[in-house]
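*Asks:*
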Amino acid sequence: MSPDFDRQSAAVAPSQHDLIALRARAAALRTLAAAARGPRGGVHRGTTPGRGLDFAEVRPYQAGDDLRNVDWRHTARCGRPFTKLFHEEREQPVRLFVDLGATMRFGTRRMFKSVAAAKVAALLAWTTVDAGDRIGGVIHDGRTYHDLPARAREHSALGFIHRLVTSAADAEIARNPASFGAALQAFARGVRPGTCAVVLSDFQALDTTGEHVLHTLRTATRITLVHVFDALESTPPPPGIYRIATPNAECSLDLRDDAARAAYGAPFRARSERLAALSRHLGATLLPLATDDDPLSALAPLFQPRRAA
22 MSPDFDRQSA AVAPSQHDLI ALRARAAALR TLAAAARGPR GGVHRGTTPG RGLDFAEVRP
82 YQAGDDLRNV DWRHTARCGR PFTKLFHEER EQPVRLFVDL GATMRFGTRR MFKSVAAAKV
142 AALLAWTTVD AGDRIGGVIH DGRTYHDLPA RAREHSALGF IHRLVTSAAD AEIARNPASF
202 GAALQAFARG VRPGTCAVVL SDFQALDTTG EHVLHTLRTA TRITLVHVFD ALESTPPPPG
262 IYRIATPNAE CSLDLRDDAA RAAYGAPFRA RSERLAALSR HLGATLLPLA TDDDPLSALA
322 PLFQPRRAA
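Reminder that position 62 of the sequence shown reads as 83 in our numbering, one-by-one numbering, no gaps.
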């Protein structure tokens, strides 16, 4: 198989090899996080109970906890397992929502939106488990969803990556808008206080019900919305008539007229403005992610040191 074919395949569907290899690049995000003592509104804050050197307290054992931190004396006394927590690094499980639906399987610059989302998800998964925290989440494939409970250590990141790849391969082309809302509700049900919630999507399927679901997370966690898009969605191609084919139909798009070209990007602009307003109401961080962006650079603002007011 030629290298060109491999590159083209990796641009339209996430490659397990590529997502695993991102672990080395995730080290740069961990360096930024350490310098900042945690990202602004993002994945780690620090200085509250977590896994560090100084013992802080114990709490009931949760699935995915490191067995090396089980407090056996407390467990024997209470008759159920307890985990030790320590000061310095806050326990900060991360729950990801990754949209691989029909509208995400599009891209004209470098890769599909679904591949860009998968790469960012993999970077966050590696950053999380290598910091000693738990990773989990919901992967939506356009027809149904898969809910992965938060767990710690390397095998959890590998399991999440495997599900990303298989979901992308099995994804249904037919769009089922209702499935996005159901997946988002399942995502919200799994978020616990203190969890960092990250939603990666083009948000084309987000309706008022979905917005309400996101609002239910506001008091329980910090939220990051990653808006994935392709340049062709915001900027029209050169003037001309373009034939567009979908799995269900074909049509022509006439962009010779100035008015048509001016209106071309209106849906994208409206969606972007809506997401910006939603982020302000949620107190969430909004990150743009274009299909030709470097995923590591796109995530870097989450891990920058906070500026003094």
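Here a beta-carbon is modelled for each residue, glycine too, at the ideal position from N, C-alpha and C. Note that the coordinates shown come from a computational prediction; the quantities given were computed from them, not determined experimentally.
1) Which residues bound the alpha helix (DSSP H) around Ser135?
2) Would you kindly check if the distance between the Cβ of Leu276 and the Cβ of Trp147 is under 8 Å?
3) Within the chosen definition, does the segment 250 to 258 reach the segment 229 to 236 through at least 3 CB pairs nearer than 8 Å?
4) Can you tell me which residues form a DSSP beta bridge with Gly158?
5) Would you please state the rounded distance, in angstroms, between the beta carbons of Leu323 and Val141? I believe it to be under 8 Å.
6) Check whether the Cβ atoms of Asp168 and Ala138 lie closer than 8 Å to each other.
7) Give the range of the beta strand (DSSP E) segment to which Tyr285 is assigned.
8) Compare the Cα-Cα distances from Leu185 to each of Val136, His302, Val150 and Ala266 and report the closest residue.
9) Name the DSSP bridge partner or partners of Phe103?
10) Going by C-alpha to C-alpha distance, which of Arg213, Phe103 and Leu106 sits closest to Arg243?
11) Smallest Cα separation from Ala178: which of Ala189, Val220 and Thr149?
12) Taking the beta carbon of Tyr263 as the centre, do at least 16 other beta carbons fall within 10 Å, making it buried, or is it exposed?
13) Please state the DSSP three-state secondary structure of Val219.
14) How far does the beta strand (DSSP E) with Asp87 in it extend, from its first residue to its last?
15) Pick helix, strand or coil for Pro35, following the three-state DSSP scheme.
16) To which residues of the same chain is Pro260 closer than 8 Å at the C-beta, ignoring the five residues directly before and after it?
17) Only counting the same chain, and skipping five residues up and downstream in sequence, which positions put a Cβ closer than 6 Å to that of Ala47?
18) Is DSSP giving Ala266 helix, strand or coil here?
19) For Asp151, collect the residues of the same chain with a Cβ closer than 7 Å to its Cβ; drop the 5 residues on either side in sequence, then sort them by chain order.
20) If we ignore side chains and look at the alpha-carbon of each, how far apart do Gln325 and Leu308 end up?
21) Using only CA atoms, which one of Thr187, Gly100, Gly128 and Pro81 lies nearest to Asp314?
22) Return the CA-CA distance between Ala31 and Asp39, expressed in angstroms with no decimal places.
23) Would the beta-carbon of Thr216 fall within 8 Å of that of Pro81?
24) Do you know whose CA, among Ser36, Arg130 and Leu235, lies nearest Ala298's CA?
25) With a Cβ-Cβ cutoff of 8 Å, do Ala84 and Arg172 count as a contact?
26) Please list the terminal residues of the continuous alpha helix (DSSP H) segment that includes Val234.
27) Bridge partners for Ser273 per DSSP, in chain order?
28) Could you please give me the residues that DSSP links to Pro309 through a beta bridge?
29) Just mark Ile156 as buried or exposed, buried being the case when its beta carbon has 16 or more other beta carbons within 10 Å.
30) Which value, in whole angstroms, describes the spacing of the CA atoms of Ser318 and Ala34?
31) Which residues in the same chain have their Cβ closer than 8 Å to the Cβ of Ser23, if we skip the five residues on either side of it in sequence?
*Replies:* On the basis of the data shown:
1) Walking along the sequence shown from the start, residue 135 turns up at place 114. Under the DSSP assignment, Ser135 falls in the alpha helix (DSSP H) whose first and last residues are Lys134 to Asp151.
2) Taking the sequence shown and counting its residues from 1, the one referred to as residue 147 is at position 126. Taking the sequence shown and counting its residues from 1, the one referred to as residue 276 is at position 255. It is not a contact, given that the beta carbons lie outside the stated cut-off.
3) The segment 250 to 258 is not in contact with the segment 229 to 236.
4) Position 137 of the sequence shown, counted from the first residue, corresponds to residue 158. Per DSSP, Leu117 and Leu169.
5) Here residue 323 refers to the residue found at position 302 of the sequence shown. Here residue 141 refers to the residue found at position 120 of the sequence shown. At roughly 10 Å, the Cβ-Cβ gap does not stay under 8 Å, so Leu323 and Val141 are not in contact.
6) To locate residue 168, count along the sequence shown from 1; it is residue 147. To locate residue 138, count along the sequence shown from 1; it is residue 117. Going by C-beta atoms, Asp168 is not nearer than 8 Å to Ala138.
7) Walking along the sequence shown from the start, residue 285 turns up at place 264. Here Tyr285 belongs to no beta strand (DSSP E); instead the alpha helix (DSSP H) covers Asp279 to Tyr285.
8) As a first step, residue 185 must be located in the sequence shown, where it is residue number 164. Taking only the C-alpha atoms, the option nearest Leu185 is Val136.
9) Sequence index remark: in the sequence shown, residue 103 carries index 82 (1-based). Residue pairing from DSSP places Phe103 in a beta bridge opposite Pro81.
10) On the sequence shown, position 222 is the one that residue 243 refers to. The option with the nearest alpha carbon to Arg243 is Arg213.
11) Here residue 178 refers to the residue found at position 157 when the sequence shown is read from its first residue. When only C-alpha atoms are compared, the closest one is Thr149.
12) Looking up residue 263 in the sequence shown gives position 242. Exposed, since its Cβ has fewer than 16 Cβ neighbours within 10 Å.
13) Here residue 219 is taken as the residue at index 198 of the sequence shown, counted from 1. Of the three classes helix, strand and coil, the one that applies to Val219 here is strand, per DSSP.
14) Working through the sequence shown from its first residue, we reach residue 87 at position 66. Premise fails: Asp87 is in no beta strand (DSSP E) and is neither H nor E.
15) Position 14 of the sequence shown, counted from the start, is the residue given in the question as residue 35. In the structure shown, Pro35 sits in coil (DSSP, three-state: anything other than H, G, I, E or B).
16) For the purposes of this step, residue 260 is taken as the residue at position 239 of the sequence shown. Cβ within range, chain order: Leu276, Arg277 and Arg282.
17) Working through the sequence shown from its first residue, we reach residue 47 at position 26. Counting only Cβ-Cβ distances below 6 Å, and skipping sequence neighbours, we find Leu144, Trp147 and Thr148.
18) Indexing the sequence shown from 1 puts residue 266 at position 245. Three-state DSSP puts Ala266 in a strand.
19) Sequence index remark: in the sequence shown, residue 151 carries index 130 (1-based). The residues are Ala47 and Arg51.
20) Taking the sequence shown and counting its residues from 1, one reaches residue 325 at position 304. Taking the sequence shown and counting its residues from 1, one reaches residue 308 at position 287. Gln325 and Leu308: Cα-Cα distance of roughly 13 Å.
21) For the purposes of this step, residue 314 is taken as the residue at position 293 of the sequence shown. Closest option to Asp314, Cα to Cα, is Gly128.
22) Residue numbering aside, residue 31 sits at position 10 when the sequence shown is read from its first letter. Residue numbering aside, residue 39 sits at position 18 when the sequence shown is read from its first letter. Their Cα atoms are separated by approximately 8 Å.
23) For the purposes of this step, residue 216 is identified with residue 195 of the sequence shown, where counting begins at 1. For the purposes of this step, residue 81 is identified with residue 60 of the sequence shown, where counting begins at 1. No; because the gap between Cβ atoms is not below 8 Å, this pair is not in contact.
24) Stepping through the sequence shown from its first residue, residue 298 is reached at position 277. Per the Cα distances, Leu235.
25) For the purposes of this step, residue 84 is taken as residue 63 along the sequence shown, with counting starting at 1. For the purposes of this step, residue 172 is taken as residue 151 along the sequence shown, with counting starting at 1. Contact: yes.
26) For the purposes of this step, residue 234 is taken as the residue at position 213 of the sequence shown. Looking at the DSSP string, the run of the alpha helix (DSSP H) that includes Val234 is Thr229 to His236.
27) Sequence index remark: in the sequence shown, residue 273 carries index 252 (1-based). Bridge partners of Ser273 according to DSSP: Arg264.
28) Mapped onto the sequence shown, residue 309 falls at position 288. His248.
29) Working through the sequence shown from its first residue, we reach residue 156 at position 135. Under this definition Ile156 is a buried residue.
30) Looking up residue 318 in the sequence shown gives position 297. Looking up residue 34 in the sequence shown gives position 13. Roughly 21 Å separates the two Cα atoms.
31) Counting from 1 along the sequence shown, the entry for residue 23 is found at position 2. Bear in mind that the predicted position of Ser23 carries a pLDDT of just 48, short of 50, making it too unreliable to give a figure here.
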